[in-house]
Amino acid sequence: MSSPKPVLIAGAGPTGLMAALWLSHLGAPFRIVDKREFAVDTSRATIVHARTVEFYRMLGLSERAISEGRIVENFAVFSDLKEIISRSFAEIGRGKSKFPFVLMYPQDFNEQLMIGELKSRGVNIEREVEVTGLVQDEDGVTVTLKNKEGVEEKFEASYVLGCDGGHSTIRQYTNIKNAPGTYSQRFFVTDVEGEVSVGLQNVNLCFNTMDFCLLFGMPNGRIRIAGWAPDEIPDRTFTFADVEEAVRRNSGAVISKVHWFSTYKVHYGVASTFRDRRIFICGDAAHVHSPVGGQGMNTGLGDAINIAWKIAAVLSGKAAPDILDTYQSERRPFAERLVNTTDKVFTIASDHGLMGKAWRSVVMGNIVPLLFHFGFIDNFMFETVSQVRIEYRGSQMSNGNHVLSLYAGDRLPWVEFEDGTDNFQPLSSMNWQLHIYGDKNDKVTDWAREKNLAVQNFLFNNDAKTKGIPENAIILVRPDGYVGQVFQHTDKEISQLQAFVDKWGLKSF
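Here you go:
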């Protein structure tokens, strides 16, 4: 059997770098190119959520990310400088993840973390190289690459991953339609030094009836502030001085130094499809949305992981090509829900009219604080924002399979044991594995041994029970830590497992 053609990753931002890391760990050949001369050197996206830290743990990078970043302790909301909501991430996220917090870990930190890991694995990121042509056929993709000297090269790729941002060049060479909208409101973001009256260990939403700002401390000791910009001021003359009074009014901030200031308009939308035959788009190339909840970078990283392990499996002959169809059915519905949700919140919150004023003064000022007295609101907020709630139940691979409340497509529930270990430790293999919580199953173990499939036997403790894991059930866990299938302990589990393996061409685990 001849060696497979490499994958081409276009774009060496967080999404492309994560795809490269997974392909590298799984032994798939690839090249990664980027038309920029250097990696970003500004913070841009700043928040890493629990699900992303879990993915970093699988790569052996979570401890470094946590040590370099800053753990956010609380989420606080202020109305006219009066605190009306305060929630501890550690409390509301307790038991849901090993990482029940928000990590301030800016985009440039994420990129340097992954670049360093790729370098240690012998991967070269080809910079100042751009894609100038793509031609697909049944056997692969012929890619035209041009370097900084203008020299062109024809490269034969098995698949192409477009991780090259909202203005994706890769997407332009496909039949994928993309027509994002743009909010009329203009926003600002700035990194400053100074004194504030709110806690920098928190994520602080500060508002009054007229405007709002988001404020938190950064790992480098600076303060990140974001909010909306006055419409009456032209772009060419806009400076921090134009928003300084609004920032002071909302947060009590006295700014001594401005390091970086920028204004922008927010785009939103989801591409018509995430795949055109052998070309896949990920991250901002596939979906753009408002910065509500800090979901953008985290979502792109999830896209990259989802498609990378599947392509690696196909190239190594360990899965049928049909498995690639599940990328679209798993990631696009989530992107649509995310865009629709953030659009509604963003539209109301940024409205300058009566609706926006009523939302800030009545809903945010009075109703929302009352709702936070109910525990289910805390649970829903953490699970949604942290992305541990993302599930793929609608995937062709999941096919409605479930035992009790555990469904195929769910993120494997995180279970902690009395000795300090947990059930996520084996996920670092980044391979299919069987989990059994309870009695050992010799028949299943023998079957798995023949397939070279690892079996993890865990104690069925109260934590497993609380998380909805069925006792003695056989759980087939995917390389990305999601439930592939789950079966009751009966005399049919072997045939059920074999049918699933045969359907998706899984072999040589």
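Going by the UniProt record's numbering, the first residue of the sequence shown is number 1, and it counts up by one from there. Virtual Cβ for every residue (Gly too), placed ideally from N, Cα, C.
>> On the criterion of 16 or more Cβ atoms from any shown chain inside 10 Å, does A90 qualify as buried, or is it exposed?
In response: Sequence index remark: in the sequence shown, residue 90 carries index 90 (1-based). It is exposed - the Cβ of A90 has fewer than 16 other Cβ atoms within 10 Å.
> Per DSSP, N74 forms a beta bridge with which residues?
Replying inline: If you number the sequence shown from 1, residue 74 lands on position 74. N74 pairs with S88, N202.
>> Buried or exposed for Y268, going by 16 or more other Cβ atoms inside 10 Å?
In response: The sequence position of residue 268 within the sequence shown is 268, counting from 1. With 16 or more Cβ atoms within 10 Å of its Cβ, Y268 is classed as buried.
> Do the segment 24–33 and the segment 108–127 touch if we need at least three Cβ pairs shorter than 8 Å?
Replying inline: yes
> At which residues does the beta strand (DSSP E) containing T263 begin and terminate?
Replying inline: Residue mapping note: residue 263 aligns to position 263 of the sequence shown, counting from 1. Here the beta strand (DSSP E) through T263 covers 254–270.
>> According to DSSP, simplified to helix, strand and coil, what is T445?
In response: The residue given as residue 445 occupies position 445 in the sequence shown. Correct three-state label for T445: helix.
> Rounded to a whole number of angstroms, what is the C-alpha to C-alpha distance between A473 and Y407?
Replying inline: Locating residue 473 in the sequence shown gives position 473, where the first residue counts as 1. Locating residue 407 in the sequence shown gives position 407, where the first residue counts as 1. Their backbone Cα atoms lie some 12 Å apart in a straight line.
>> I'd like the list of long-range same chain contacts for I323, defined as Cβ closer than 6 Å, with 5 residues on each side in sequence excluded.
In response: To locate residue 323, count along the sequence shown from 1; it is residue 323. Correct list, in chain order: K310, W504.
> Whose C-alpha, out of D480, F509, G13, is nearest the C-alpha of K451?
Replying inline: Locating residue 451 in the sequence shown gives position 451, where the first residue counts as 1. That would be F509, whose Cα lies nearest to the Cα of K451.
> From what residue to what residue does the beta strand (DSSP E) around S184 run?
Replying inline: Your numbering for residue 184 matches position 184 in the sequence shown. Element bounds for S184: 181–195.
>> Check whether the segment 157–172 and the segment 279–295 touch, using three or more Cβ-Cβ pairs below 8 Å as the test.
In response: yes
>> For R332, count the other beta carbons within 10 Å of its own beta carbon; 16 or more makes it buried, fewer makes it exposed. Which is it?
In response: What you label residue 332 is simply residue 332 of the sequence shown in a count that begins at 1. Under this definition R332 is a buried residue.
> Where does W432 sit, in a helix, a strand or coil, going by DSSP?
Replying inline: Indexing the sequence shown from 1 puts residue 432 at position 432. Residue state, collapsed to three classes: coil.
> Can you name, in chain order, every residue of its own chain whose Cβ lies under 7 Å from the Cβ of P321, other than the five neighbours on each side?
Replying inline: On the sequence shown, position 321 is the one that residue 321 refers to. Taken in chain order, the residues that qualify are V314.
> Which word fits L161, buried or exposed, when buried means at least 16 other C-beta atoms lie within 10 angstroms of its C-beta?
Replying inline: Looking up residue 161 in the sequence shown gives position 161. Counting Cβ neighbours within 10 Å, L161 comes out buried, since at least 16 surround it.
>> In this structure, how does DSSP classify V131 when only helix, strand and coil are distinguished?
In response: The sequence position of residue 131 within the sequence shown is 131, counting from 1. Residue state, collapsed to three classes: strand.
>> At 4 residues or longer, what runs of the alpha helix (DSSP H) sit wholly inside the segment 91–169?
In response: 107–120
> Straight-line CA distance for I436 to A464?
Replying inline: Start at 1 with the first residue of the sequence shown, and residue 436 comes out as number 436. Start at 1 with the first residue of the sequence shown, and residue 464 comes out as number 464. Using only the alpha carbons, I get a separation of about 11 Å.
> Exposed or buried, R94, counting other C-beta atoms within 10 Å across all chains shown (16 or more means buried)?
Replying inline: In the sequence shown, the residue the question calls residue 94 occupies position 94. It counts as exposed.
> With which residues is C213 paired in a DSSP beta bridge?
Replying inline: Locating residue 213 in the sequence shown gives position 213, where the first residue counts as 1. In DSSP, C213 forms a bridge with C206, G227.
> By a C-beta neighbour count over all protein chains shown, 10 Å radius and 16 as the cutoff for buried, is Q433 buried or exposed?
Replying inline: By one-based count along the sequence shown, residue 433 stands at place 433. So Q433 counts as buried.
> Who are K503's beta bridge partners in DSSP?
Replying inline: Sequence index remark: in the sequence shown, residue 503 carries index 503 (1-based). Answer is none; K503 lacks a bridge partner.
> How is K82 classed by DSSP in three states: helix, strand or coil?
Replying inline: Counting from one through the sequence shown, the residue named residue 82 turns up at place 82. In the structure shown, K82 sits in a strand (DSSP, three-state: E or B).
>> Going by the DSSP bridge assignment, what does residue 523 pair with across the sheet?
In response: Residue 523 lies beyond the residue range present for the chain, which begins at 1 and ends at 509; the question has no answer from this structure.
>> Quick check: what's the CA-CA separation for L145 versus D139?
In response: As a working mapping, residue 145 is identified with position 145 in the sequence shown. As a working mapping, residue 139 is identified with position 139 in the sequence shown. Taking the straight line from one Cα to the other gives about 19 Å.
>> Our contact map puts D422 next to K96 with C-beta atoms below 8 Å; I'd like the distance itself, whole angstroms only.
In response: Translated into the one-based positions of the sequence shown, residue 422 becomes position 422. Translated into the one-based positions of the sequence shown, residue 96 becomes position 96. About 12 Å; that fails the 8 Å criterion.
>> Checking 8 Å against the spacing of the C-beta atoms, do V77 and I85 come in under that value?
In response: Locating residue 77 in the sequence shown gives position 77, counting from the first residue. Locating residue 85 in the sequence shown gives position 85, counting from the first residue. Yes, these two residues count as a Cβ contact at 8 Å.
> Thinking just about the alpha-carbon of each residue, which of R87, Q485, R248, S316 is nearest to the one in L23?
Replying inline: For this step, residue 23 is matched to residue 23 along the sequence shown. Nearest option by C-alpha distance: S316.
>> Is the beta carbon of R51 closer than 8 Å to that of Q387?
In response: Taking the first residue of the sequence shown as position 1, residue 387 is located at position 387. Taking the first residue of the sequence shown as position 1, residue 51 is located at position 51. Going by C-beta atoms, Q387 is nearer than 8 Å to R51.
>> Using a Cβ-Cβ cutoff of less than 6 Å, which residues in the same chain neighbour I307 once the five nearest sequence positions on both sides are dropped?
In response: The residue given as residue 307 occupies position 307 in the sequence shown. Closer than 6 Å at Cβ, skipping near neighbours: F280, Y327.
> Of the residues R44, F155, V102, N204, which one's Cα is nearest the Cα of L81?
Replying inline: For the purposes of this step, residue 81 is taken as residue 81 along the sequence shown, with counting starting at 1. Comparing Cα-Cα distances from L81 to each of R44, F155, V102, N204, the minimum goes to N204.
> In three-state terms, what does DSSP make of L476?
Replying inline: Counted from its first residue, the sequence shown places residue 476 at position 476. DSSP places L476 in strand when its eight states are reduced to three.
> N342: buried (16+ other C-beta within 10 angstroms of its C-beta) or exposed?
Replying inline: Reading the sequence shown from its first residue, position 342 is the one you call residue 342. First, the residue type needs correcting, since residue 342 is Thr and not Asn in the sequence shown. Classification for T342: buried.
>> Going by DSSP in three states, Y407 sits in which element: helix, strand or coil?
In response: Here residue 407 corresponds to residue number 407 of the sequence shown, with the count starting at 1. DSSP places Y407 in strand when its eight states are reduced to three.
>> Going by C-alpha to C-alpha distance, which of T239, L200, G11 sits closest to R222?
In response: In the sequence shown, the residue the question calls residue 222 occupies position 222. The shortest C-alpha separation from R222 is found at L200.
>> Looking at the strands, I want to know which residues DSSP matches up with H489.
In response: Here the question's residue 489 lines up with position 489 in the sequence shown. Beta-bridge pairing links H489 to no other residue.
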